[in-house]
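> In full-length UniProt numbering, the protein residues as written are 1 to 535. All C-beta atoms in this analysis are idealised placements derived from N, C-alpha and C, irrespective of residue type, glycine included. On a predicted model such as this, the values are computed, not experimentally measured, just so you know.
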């Protein structure tokens, strides 16, 4: 497909012949949001609207690049063609999507003739939004009939770009509009899962696997573009697709050193019977044993098991049989207090471990209703006239009230889109987040605790706080016992030196400094709190 670039005498990569200080001032004002400067220059010399830089980018391209909404609307009111191309065949909407400019994308949607127009690499605006990881702009494009099946010059779909960018929510969104994209291969035979496994994007791979197997609700724009239709897509997917080099997705993860990600793909393949290879059951015995003992891939109980083994297999027996009986003598009251503190600690710990942190329900009716609401509002906003007015001379001017109303509606629309989790199929309330390891949305989520292998959320955050408090108390008592055992036990000069080295290393680690930076005469700026060096 041949594309006609912008008509200009500018040579690619060189300063245009008509470039002068006034043109440079104009483009600089667009970059820094100086709308008044742009308007005064264009009103005096209207031919400046045809200026382009060394890459063929016009004022519309620059306004889209730097999200200069006022300048963009003003230029659109001057009836400037929004389909003009730069030397890469890109329209302003391509540039806006590639730089996550949500508001300018909304403005350009009603200006361009085809939302799925391609550049010289056959990339659509949806490709650029997916490459930038902008799920909100991608949603608006899809709701305005952007083609999720479009292939670029390298046979890549938008899902390939989203999988490479690592945006899990965007991948789930694209799968809901076009589920077969999960199995499409590019010119090298790689599926989106191959790309995410090669780059070690565990959260992205989990979201795609969950979206293709566990989430069966999809969307498509209805006939006449008046409503958003829902449909159920089948799960006839196989995970052992090989690329041109003969590698599966799990092989790509293994070759890149992401062994846990390879285990995740293997786990889903055997869980949903999505494999066509002839793997014997005997070779799967270690795989099943490992999952039984340490948990499913992606949510291993390694730290949990290690903490139990160290605490009950070494620390408590050592304190009770060695320190208590031979070095430090505790009174009966002290023993009772120490015992009660540790009992409460473990009760809070296991309560935090088994409590549901506040998982939000999946594939809810509220999510479908919100998608329908965003669809109607985006269509209405794209069809609304530009916020403009005319002065006494008949020149188009920006109406501040209409511009402010447009910004508020665009901001509200983006906030609604940001609250959607397309992986879980739910509307996230305030302070709710999607956990990439649990692959679920958690209400009032704080973080994912690797020790308990559970999220800290609305339902178990009190138990997490109590666990931290009693760990502090128990650790203080244990540290006191360890110090007394060290103080009263027979020592050698080597033991003393080694102890002081450990204490000094702990002190430098707490200061976020090394031995060299602590004693150096020239310290970096981030170590200024250490004060001037003594050397």
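Among 98, 143, 135, 111, which one has its Cα closest to the Cα of residue 124?
Residue 98 is the option with its Cα nearest to residue 124.
> Taking only three categories from DSSP, how would you classify residue 207?
DSSP places residue 207 in helix when its eight states are reduced to three.
> Just to check my reading of the structure: residue 421 and residue 434 have Cβ atoms closer than 8 Å, yes? What is that Cβ distance to the nearest angstrom?
The pair is a contact, with the Cβ atoms about 5 Å apart (cut-off 8 Å).
> Pick helix, strand or coil for residue 219, following the three-state DSSP scheme.
Strand at residue 219.
> Take the Cβ of residue 263 as the centre, count every other Cβ of all protein chains shown within 10 Å, and call the residue buried at 16 or more, exposed below.
By the 10 Å Cβ count, residue 263 comes out buried.
> Need the endpoints of the beta strand (DSSP E) that residue 228 sits in, please.
Counting along the chain, the beta strand (DSSP E) containing residue 228 begins and ends at 228 to 232.
> Just tell me which of 474, 157, 166 has its CA closest to the CA of residue 178.
When only C-alpha atoms are compared, the closest one is 157.
> Would you list, in sequence order, the uninterrupted alpha helix (DSSP H) runs of no fewer than 4 residues that lie entirely inside the segment 248 to 276?
Listed in chain order, the complete alpha helix (DSSP H) runs (minimum 4 residues) inside the segment 248 to 276 are 249 to 255, 259 to 271.
> What three-state label does DSSP hand residue 115 in the structure shown?
Reduced to three states, the DSSP call for residue 115 is coil.
> How about residue 195 and residue 182: do their beta carbons lie closer than 9 Å?
No.
> Is residue 353 helix, strand or coil when you go by DSSP?
Residue 353: helix per DSSP, three-state reduction.
> Pull up the DSSP beta-bridge partners for residue 65, would you.
Per DSSP, none; premise fails for residue 65.
> As an exercise, report each continuous beta strand (DSSP E) stretch of at least 3 residues that is fully enclosed by the UniProt domain "Palmitoyltransferase DHHC" (416 to 505), in chain order.
Taking only runs of at least 3 residues, the beta strand (DSSP E) segments lying wholly in the UniProt domain "Palmitoyltransferase DHHC" (416 to 505) are 433 to 435, 440 to 442, 447 to 449, 454 to 456.
> Tell me which residues share the same chain as residue 118 and place their Cβ nearer than 6 Å to its Cβ, disregarding the 5 neighbours each side in the sequence.
Correct list, in chain order: 124.
> How many Å lie between residue 496 and residue 351 at the Cα?
Their Cα atoms are separated by approximately 41 Å.
> Determine, using beta-carbon pairs with one atom in the segment 442 to 462 and one in the segment 365 to 380, whether at least three such pairs fall under 8 Å.
No, because fewer than three Cβ pairs between the segment 442 to 462 and the segment 365 to 380 fall closer than 8 Å, the two stretches do not touch.
> Measuring straight from C-alpha to C-alpha, what distance separates residue 24 and residue 50?
Looking at the two C-alpha atoms, the distance is approximately 13 Å.
> Among the candidates 89, 428, 144, whose CA atom is the shortest distance from the CA of residue 114?
Per the Cα distances, 144.
> Between the Cα of residue 272 and the Cα atoms of 36, 238, 89, which residue gives the shortest distance?
When only C-alpha atoms are compared, the closest one is 238.
> Taking Cβ to Cβ, would you say residue 441 is nearer than 9 Å to residue 423?
Result yes, Cβ atoms of residue 441 and residue 423 sit closer than 9 Å.
> Would you call the CB atoms of residue 131 and residue 172 closer than 9 Å?
Result no, Cβ atoms of residue 131 and residue 172 do not sit closer than 9 Å.
> Pick helix, strand or coil for residue 178, following the three-state DSSP scheme.
DSSP places residue 178 in coil when its eight states are reduced to three.
> Return the bridge partner residues of residue 359 from the DSSP annotation.
In the DSSP output, where bridge partners are listed per residue, residue 359 has 442.
> From the DSSP secondary-structure annotation, give me the bridge partner or partners of residue 162.
Looking at the DSSP assignment, residue 162 forms no beta bridge with any residue, so it has no partner.
> Can you tell me whether residue 302 is buried or exposed? The criterion is at least 16 other CB atoms within 10 Å of its CB, across all chains shown.
The residue is exposed, with fewer than 16 neighbouring Cβ atoms inside 10 Å.
> So what does DSSP say about residue 135, is it helix, strand or coil?
Reduced to three states, the DSSP call for residue 135 is helix.
> Based on DSSP bridge pairs, tell me the residues matched to residue 52.
DSSP lists 58 as partners of residue 52.
> Apart from the five residues just before and just after residue 268, which ones in its own chain have a Cβ nearer than 7 Å to its Cβ?
Cβ neighbours of residue 268 beyond the five flanking positions: 209, 213, 239, 274.
> Please say whether residue 358 and residue 459 have beta carbons closer to each other than 9 Å?
For residue 459 and residue 358, yes; Cβs fall inside 9 Å.
> Near residue 436, which residues of its chain fall below 6 Å by C-beta distance, leaving aside the five closest residues on each side in sequence?
If we look at residue 436 and ignore the five residues flanking it on each side, its Cβ neighbours are 203.
> Grab the span of the alpha helix (DSSP H) containing residue 288 for me, first residue to last.
Start and end: 285 to 294.
> Mapping the DSSP letters down to three states, classify residue 201 as helix, strand or coil.
Of the three classes helix, strand and coil, the one that applies to residue 201 here is coil, per DSSP.
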